[in-house]
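K.L.:
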Amino acid sequence: MPSVLIVDDEEAIRQLIRNTLEQAGYQVQEAANGKQGLSQYRESPADLVIMDILMPDQDGLESILTLRREFPNAKIMAITGGSDMIGILNFLDVARMLGARRTLQKPFEMQQLLDAVQAEIAG
Numbered sequence: 001m002p003s004v005l006i007v008d009d010e011e012a013i014r015q016l017i018r019n020t021l022e023q024a025g026y027q028v029q030e031a032a033n034g035k036q037g038l039s040q041y042r043e044s045p046a047d048l049v050i051m052d053i054l055m056p057d058q059d060g061l062e063s064i065l066t067l068r069r070e071f072p073n074a075k076i077m078a079i080t081g082g083s084d085m086i087g088i089l090n091f092l093d094v095a096r097m098l099g100a101r102r103t104l105q106k107p108f109e110m111q112q113l114l115d116a117v118q119a120e121i122a123g
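Numbering-wise (UniProt numbering), the sequence shown opens with residue 1 and increments by one.
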């Protein structure tokens, strides 16, 4: 059974994604911030990490960078509801440059998420 680690500070978002993925047959772990997510991944690497960008303690960009450095083959999908810009780039562009293979802007349809998860795990 493929495994997914959801790293998002919003419990309601984690629960919605978790329920959707579990119904589709995925094993799901959760973390409320980047530090927890990295710790969980180190203990039990998932087939895919869904990483929120804007979080307290350790944000998603820093977490993606650390994951890539420690686990170059980790599959990462970045999500965010923030539309803030870093210079002329938005957070999802920066996440891609740091190693996220896919990105989704919140709010997104659960079918979009499932399609992206399926494509990442298969690829």
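Here a beta-carbon is modelled for each residue, glycine too, at the ideal position from N, C-alpha and C.
Since the model is a prediction, treat every value here as computed from it, not as a measurement.
Mind checking N73: buried by the 16 CB within 10 Å criterion, or exposed?
P.N.:
Classification for N73: exposed.
K.L.:
In its own chain, which residues sit with a C-beta less than 7 angstroms from the C-beta of M110, not counting the 5 before and 5 after it?
P.N.:
Contacts found: T20.
K.L.:
If we ignore side chains and look at the alpha-carbon of each, how far apart do L48 and L89 end up?
P.N.:
C-alpha separation (whole angstroms): 25 angstroms.
K.L.:
Would V94 and M51 qualify as a contact pair, given that the criterion is a beta-carbon distance under 8 angstroms?
P.N.:
No, Cβ-Cβ distance for V94 and M51 is not below 8 angstroms.
K.L.:
Tell me where the alpha helix (DSSP H) around R69 begins and ends.
P.N.:
Start and end: G60 to E70.
K.L.:
Around the Cβ of D115, are there at least 16 other Cβ atoms within 10 angstroms (buried) or fewer (exposed)?
P.N.:
The residue is exposed, with fewer than 16 neighbouring Cβ atoms inside 10 Å.
K.L.:
Taking the alpha-carbon positions, what's the E70 to S39 distance?
P.N.:
Taking the straight line from one Cα to the other gives about 12 angstroms.
K.L.:
Can you say whether M55 is buried or exposed, counting buried as having 16 or more other CB atoms within 10 angstroms of its CB?
P.N.:
Buried.
K.L.:
If you drop the 5 nearest sequence neighbours on each side, which residues of the same chain put their C-beta closer than 7 angstroms to that of residue 126?
P.N.:
No statement about residue 126 is possible, as the shown extent of the chain runs from 1 to 123 and does not include it.
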